[in-house]
Amino acid sequence: IRKKPLLPTAPVAGVPAPPPPKEAPKPMVLALDVTVDPPLEHPTRVQPQMTLGKETNMMLKHIQKWHDSLKSKHDTRILALGMDVDGRSRLICRYVRPQKPPEHIAAEDPFAIEMAARYVALVP
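So the sequence shown is numbered by the numbering used here: it starts at 13 and just counts up by one.
Next up, the structure:
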């Protein structure tokens, strides 16, 4: 739990301002623990159903065989196909394009790697 000091609020109309402190005030801290009852369950991921579309039938069969072989060995969260706006199966990698980093990230900045990592972390 991170504790952050609360900042003083702006004066409210009709309420007198408190007298100035004689010594430096101690920062006010609010600690908050939150629970959910009943606990939330992790959603189950469902492999999208393959529908003919932009990918060839041979490619879809190969993708299904590859995905089935991975499910037995590794994590089941791996997805190779997604749906396009028309509801047809498309390889997800077709949507990946190189992007320039934001202009505020300069190569000579000593924190450029951290800023770039934060930029990449924002991608869903």
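Each residue gets a CB set at the ideal place from its N, CA and C atoms; glycine is no exception.
This structure is a prediction, so every number in the text was calculated from the model and none was measured.
Item to check | Range covered by the beta strand (DSSP E) that runs through Met40 | outcome: Working through the sequence shown from its first residue, we reach residue 40 at position 28. That residue, Met40, is in no beta strand (DSSP E); it is neither H nor E in DSSP.
Next on the checklist: According to DSSP, is Leu93 part of a helix, a strand, or is it coil?
Outcome noted: In the sequence shown, residue 93 corresponds to position 81, counting from 1. The answer is strand: DSSP assigns Leu93 an E or B state.
Next on the checklist: In the DSSP output, which residue or residues are listed as bridge partners for Ser84?
Outcome noted: Here the question's residue 84 lines up with position 72 in the sequence shown. Looking at the DSSP output, Ser84 sits in no beta bridge, so it has no partner there.
Item to check | Inter-residue Cα distance where the pair is Glu115 and Asp121 | outcome: Position 103 of the sequence shown, counted from the start, is the residue given in the question as residue 115. Position 109 of the sequence shown, counted from the start, is the residue given in the question as residue 121. For Glu115 and Asp121, the distance between alpha carbons rounds to 12 Å.
Checklist entry - What first and last residue would you give for the beta strand (DSSP E) that runs through Arg102? => result Looking up residue 102 in the sequence shown gives position 90. It spans 101-103 - the beta strand (DSSP E) in which Arg102 sits, taken as one unbroken run.
Next on the checklist: Can you check which of these residues, Val135, Arg102, Arg109, is closest to Ile137 by C-alpha distance?
Outcome noted: It is not possible to answer for residue 137, since the shown part of the chain is limited to 13 through 136.
Next on the checklist: Please tell me whether Tyr107 and Ile117 are closer than 8 Å, where the distance is taken between their beta carbons.
Outcome noted: Taking the sequence shown and counting its residues from 1, the one referred to as residue 107 is at position 95. Taking the sequence shown and counting its residues from 1, the one referred to as residue 117 is at position 105. No.
Item to check | Beta-carbon proximity list for Glu67, same chain, < 7 Å, skipping 5 on both sides | outcome: On the sequence shown, residue 67 is found 55 positions in, with the first residue counted as 1. Cβ neighbours of Glu67 beyond the five flanking positions: Ser101, Arg102, Leu103.
Next on the checklist: I need the straight-line Cα distance from Asp96 to His54, nearest angstrom please.
Outcome noted: Within the sequence shown, residue 96 is the residue found at index 84, counting from 1. Within the sequence shown, residue 54 is the residue found at index 42, counting from 1. Approximately 26 Å, taken between the alpha carbons.
Next on the checklist: Considering only their Cβ atoms, is the gap separating Pro113 from Ala128 smaller than 8 Å?
Outcome noted: The residue labelled residue 128 in the question sits at position 116 within the sequence shown. The residue labelled residue 113 in the question sits at position 101 within the sequence shown. For Ala128 and Pro113, yes; Cβs fall inside 8 Å.
Checklist entry - Would you report the Cα separation of Ser135 and Glu126, rounded to the nearest angstrom? => result Reading the sequence shown from its first residue, position 123 is the one you call residue 135. Reading the sequence shown from its first residue, position 114 is the one you call residue 126. It is worth fixing the name first, because residue 135 is Val in this sequence and not Ser. Those two C-alpha atoms are separated by around 15 Å.
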